Amino acid sequence: MHPNAELVTRFYDAFKDKDYRTMQACYHDEAEFQDEVFTLKGKEIGAMWHMLCERGADLSLHYHHVEADEQRGSARWRAGYTFSTTGRYVLNKLRAEFEFKDGKIYRHRDRFDFWRWSRHALGVPGWALGWSQMLRDKVQATADRNLRRFIEGNPEYKE
1 MHPNAELVTR FYDAFKDKDY RTMQACYHDE AEFQDEVFTL KGKEIGAMWH MLCERGADLS
61 LHYHHVEADE QRGSARWRAG YTFSTTGRYV LNKLRAEFEF KDGKIYRHRD RFDFWRWSRH
121 ALGVPGWALG WSQMLRDKVQ ATADRNLRRF IEGNPEYKE
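Each residue of the sequence shown is one higher than the last, beginning at 1 in full-length UniProt numbering.
Shown next, in the form of structure tokens:
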């Protein structure tokens, strides 16, 4: 197995164990992360995983199809969890794409069907508005606000 495939495997194994410190160690200091909700850089990425691991009481994760070479990699994964805002169970299916630098994850892009996610997480409002930029913007703003509060309230992220 290529060392970068081992890195991705280590990352997802740590995520399954809610070991955010190992997840953080997989990222380059100048890393960038993006998904349908977050656009983050550097230490923000580790803080997001920390927050999600800490708050994901019933989080279950499965990953497969890990592939990587010297520069790029990918994986498919799914996460099941209760969305805290609504108490609804979500099963989210994602495709991850990676770029590597200095033996670490340098760019990480997770892609998922936002409308499908919103139907699970939000119910009827997600079904009716999950396709709209308005709902996407609201979810992104709420997630960003929650992450900023988490960072501010956690001395580990003070510089």
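Every residue, glycine too, gets a C-beta built ideally from N, C-alpha and C.
Model, not experiment: these values are computed from the prediction.
CA-to-CA distance, residue j to residue i, given in whole angstroms
i, j, result
"M51", "L147", "7 Å"
"I45", "G126", "26 Å"
"A47", "F15", "13 Å"
"Y89", "H120", "7 Å"
"C26", "A141", "27 Å"
"E70", "V124", "44 Å"
"L94", "K158", "31 Å"
"H72", "V66", "Per the sequence presented here, residue 72 reads as Arg, with His not at that position. Roughly 11 Å between the two C-alpha positions."
"K101", "Q34", "17 Å"
"F150", "A68", "32 Å"
Residue i - containing alpha helix (DSSP H), residue span
i, result
"P125", "V124 to L129"
"M1", "It is not in any alpha helix (DSSP H) - M1 carries neither H nor E in the DSSP assignment."
"N154", "Run containing N154: none; DSSP gives neither H nor E here."
Contact belief for residue i with residue j at Cβ below 8 Å, rounded distance in angstroms
i, j, result
"D107", "A31", "Residue 107 is actually Arg in this sequence, not Asp. Indeed, because the Cβ distance is near 7 Å, the residues count as touching under 8 Å."
What runs of the beta strand (DSSP E), each 3 residues or longer, lie entirely inside the UniProt domain "SnoaL-like" (8-108)?
DSSP runs (the beta strand (DSSP E)) wholly in the UniProt domain "SnoaL-like" (8-108): 27-34, 39-41, 60-68, 72-83 and 88-101.
contact_flag[the segment 3-14, the segment 78-94] where n(CB pairs < 8 Å) is 3 or more
Contact fails: fewer than three Cβ-Cβ distances are below 8 Å.
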